[in-house]
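Each step along the sequence shown adds one to the number in the UniProt record's numbering, with nothing skipped, and position 55 is 55.
The beta-carbon is built from N, C-alpha and C at its ideal position, and this holds for glycine as well.
Read the structure below first, then the notes.
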Amino acid sequence: MLDERTILLVLPILVLQIALMIFALVDLIRNPNPNGPKWMWAAIIVLLNIIGPILYFVIGRRNY
Numbered sequence: 001m002l003d004e005r006t007i008l009l010v011l012p013i014l015v016l017q018i019a020l021m022i023f024a025l026v027d028l029i030r031n032p033n034p035n036g037p038k039w040m041w042a043a044i045i046v047l048l049n050i051i052g053p054i055l056y057f058v059i060g061r062r063n064y
């Protein structure tokens with residue numbers, strides 16, 4: 001059973017993960033020409049948790 005302390009430690013990480021994922025997916029949809037196919041970046045963003053959106057912003061995003 002999870003205690004209150006564990007929940008308070010995990011909650012900020014979970015909020016950060018969800019916020020990064022949403023922000024990266026919205027940026028991917030608005031980006032007309034990312035580095036690589038959009039389906040690949042969408043899969044990386046969704047499946048690789050916190051690392052996926054960071055990879056997209058570092059490698060996959062082009063300035064448009």
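- Taking the Cα of I51 as reference, the smallest distance to any Cα among N35, L20, N31, R30 is reached at L20.
- Here DSSP, grouped into helix, strand and coil, assigns L9 to helix.
- Listed in chain order, the non-local C-beta contacts of P34 below 7 Å within the same chain comprise L28, W41, G60, R61, R62, local neighbours out to five positions each way being set aside.
- Assigned with DSSP and collapsed to three states, L20 falls in helix.
- A straight line joining the alpha-carbon of V15 with that of G36 spans about 28 Å.
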